[in-house]
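Novice:
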């Protein structure tokens, strides 16, 4: 699948007509397709997590990471007073959630020993 997608992206970059055709697609259609794609990825992730028997520690790490990752997007202006570097990093939900998960994993591991 990755090979097909990479070939398609190369073709889009080399052939101007294909790019123009994609630019003609209305933004609501692109938005709907994007929502469907990310929803499918999220549902797959939830399905993978549902198949695991998570302990309290893992559930806490996931909860804290998701909460801090999604938090700034739910509270407008939450990052306004921070320096620009922190705003950039914490403004990305994926970066914030990932860094929080890494920190919590190491923090809980240090508490265990």
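Numbering (the numbering used here), first residue to last: 16 to 128.
C-beta: ideal position from N, C-alpha, C; glycine also.
Predicted, not measured: the structure shown is a model, and the values here were computed from it.
#1: Nearest-angstrom Cα distance between residue 50 and residue 70?
#2: Could you give the DSSP three-state label for residue 28: helix, strand or coil?
#3: Would you kindly work out how many angstroms separate the C-alpha atoms of residue 20 and residue 127, rounded to a whole number?
#4: Within 10 angstroms of its Cβ, does residue 63 collect 16 or more other Cβ (buried), or is it exposed?
Specialist: Looking at the atomic coordinates:
#1: Locating residue 50 in the chain shown gives position 35, counting from the first residue. Locating residue 70 in the chain shown gives position 55, counting from the first residue. Distance between the alpha carbons of residue 50 and residue 70 is about 31 Å.
#2: Within the chain shown, numbered from 1, the residue matching residue 28 stands at position 13. In the structure shown, residue 28 sits in a helix (DSSP, three-state: H, G or I).
#3: In the chain shown, counting from the first residue as 1, residue 20 sits at position 5. In the chain shown, counting from the first residue as 1, residue 127 sits at position 112. Rounded to whole angstroms, residue 20 to residue 127 spans 44 Å at the Cα level.
#4: Mapped onto the chain shown, residue 63 falls at position 48. Under this definition residue 63 is an exposed residue.
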